[in-house]
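Notes follow the structure.
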Amino acid sequence: MKNREFINKIELNPIIAAVKNDEGLKTALGEDVEIIFVLYGDICSISRIVKEIKAAGKVAMVHVDLITGLNNSKEVCLDFIKNNTEADGIITTKSNLISHAKELGLSTVLRYFILDSLALQNIEKQARAQGVKPDVIEFLPGIVLQKMIRRINKVSRVPVIAGGLIADKEDVMNALEGGAIAISTTNEAVWGL
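In the working numbering, each number is its position in the sequence shown, counted from 1, plus 4.
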């Protein structure tokens with residue numbers, strides 16, 4: 005999936021199901037969501053998980069940092085995803101993996117945890133760095149003030165997804181009105197909004 009195609013898919017489907025177990029996956033496959041963030045699995049199960057998502061006609065994004073056996077900062081984990089699964093792309097907190105993922109034709113989500121002003125400075129620093137150009141960034145927690153979302157958009161110039169602690173329609177609307185192109189959540193009640 006090409007960069008613009010991936011971003012368009014997100015913009016048209018602003019609620020992203022994030023799954024952390026097989027039960028959540030089963031529920032997400034039955035929901036009207038088009039994109040699934042896979043936040044669990046291991047080197048033996050990830051191919052099956054992705055295959056189920058693709059069989060349902062949905063976009064599969066694998067959080068490589070959370071896959072047991074792949075959760076390291078080495079580029080070989082991306083080669084494994086590309087060669088052994090049908091994943092559309094990856095999610096990672098490790099900026100050093102983004103360039104190689106893009107070389108492999110994988111869509112990319114670079115995840116940040118916004119804990120303090122240093123985290124915001126890190127986003128700005130990486131936005132200026134050569135070679136670190138993810139398709140989108142995701143920040144957690146996603147319930148930050150709209151002012152922060154606008155600031156992240158201004159510094160990163162990369163579309164943003166708000167994730168984490170999204171609990172209801174108000175949280176979704178606040179994130180979208182603040183400038184996020186989508187939200188991701190493991191909260192199944194939000195998937196159907």
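Each residue gets a CB set at the ideal place from its N, CA and C atoms; glycine is no exception. As the structure is a computational prediction, the values presented were derived from the model and not from experiment.
First and last residue of the uninterrupted alpha helix (DSSP H) at residue i
{"i": "G34", "result": "26-34"}
{"i": "V80", "result": "80-88"}
{"i": "L119", "result": "L119 -> no alpha helix (DSSP H), and no H or E assigned at all."}
{"i": "A193", "result": "192-195"}
Expected contact under 8 Å - CB spacing of residue i and residue j to nearest Å
{"i": "Y116", "j": "A123", "result": "6 Å"}
{"i": "I187", "j": "P18", "result": "7 Å"}
Nearest candidate by alpha-carbon position, reference residue i, set the options
{"i": "I147", "options": "L108, G28, I165, S160", "result": "I165"}
{"i": "Q130", "options": "K13, N100, I187, L110", "result": "N100"}
{"i": "M177", "options": "L16, V42, F41, L197", "result": "L197"}
{"i": "I57", "options": "G45, I40, N126, D36", "result": "I40"}
{"i": "V23", "options": "V194, G34, T190", "result": "T190"}
{"i": "V37", "options": "A59, N25, N88, V63", "result": "V63"}
Three-state secondary structure (DSSP) of residue i
{"i": "S111", "result": "strand"}
{"i": "D46", "result": "strand"}
{"i": "E142", "result": "strand"}
{"i": "V23", "result": "strand"}
Opening and closing residue of the beta strand (DSSP E) in which residue i lies
{"i": "I185", "result": "Here I185 belongs to no beta strand (DSSP E), and DSSP marks it neither H nor E."}
{"i": "I94", "result": "93-96"}
{"i": "I165", "result": "164-167"}
{"i": "M65", "result": "63-67"}
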